[in-house]
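Here the structure comes first, spelled out in structure tokens, and everything after it is commentary.
Residue numbers (the numbering used here): 582 to 800.
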């Protein structure tokens, strides 16, 4: 009987086993969530809308997510992982001279956001509408990028001893500046191409970083 039960649980439809079908439906909901949350906002995307976008019936929503907030959290993490991986990869692959690594990180981040405005809305605009947990999630994401900045600064000039707190302040300041610039750009209050923004932000950040290295009082 146990074998019969296992066969029933693992029945295949169209050659696809049950766990794989569940994973496929979850992936479809994630794609739908990115599209609808990114285009209409968290409050503009209900379960029925999300399921329609995923091509599944409403009941399948709850096999993967308890509510729309949980789906938003999963979409948010997916977007942040994509951004972080691209930034880290390009920073690591850039020449360790001048402001190359700084520019690589900033330009990669801004270019990706410029190519897909849904990412901007999901990462920077919607979390407060979702609730406290989403805002905390956003804070952790920004701290993750700040950690990458701090690590890059230390590795760029390992012989220069800069107090950890100063490196941390610089990293948080850079991430905060980029966050604000992105929001102002998307809102239309900054009218510059993303490439120009990347260059100008790099110039500002490089100036601050040089001051950090040169300021003996900070050592």
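Cβ atoms here follow ideal geometry from the backbone N, Cα and C, with glycine treated the same way. The structure displayed is predicted, hence computed values, not measured ones.
{"Item": "Taking all protein chains shown into account, do 16 or more other C-beta atoms lie within 10 angstroms of the C-beta of residue 618, making it buried, or fewer, making it exposed?", "Value": "buried"}
{"Item": "Expressed to the nearest angstrom, what Euclidean distance is found between the alpha-carbon atoms of residue 702 and residue 751?", "Value": "25 Å"}
{"Item": "Quick one: what does DSSP say residue 676 is sitting in, helix, strand or coil?", "Value": "coil"}
{"Item": "My assumption, with CB atoms under 8 Å, is that residue 664 sits in contact with residue 690. Please give the rounded CB distance.", "Value": "6 Å"}
{"Item": "Helix, strand or coil, according to DSSP, for residue 598 in the structure here?", "Value": "strand"}
{"Item": "Can you find the residues in the same chain that come closer than 6 Å, C-beta to C-beta, to residue 777, ignoring five residues on each side of it along the sequence?", "Value": "none"}
{"Item": "On the CB-based measure, 16 or more other CB atoms within 10 Å of its CB, does residue 666 come out buried or exposed?", "Value": "exposed"}
{"Item": "Measuring only the C-alpha atoms, how far is residue 773 from residue 638?", "Value": "43 Å"}
{"Item": "DSSP three-state call for residue 733: helix, strand or coil?", "Value": "helix"}
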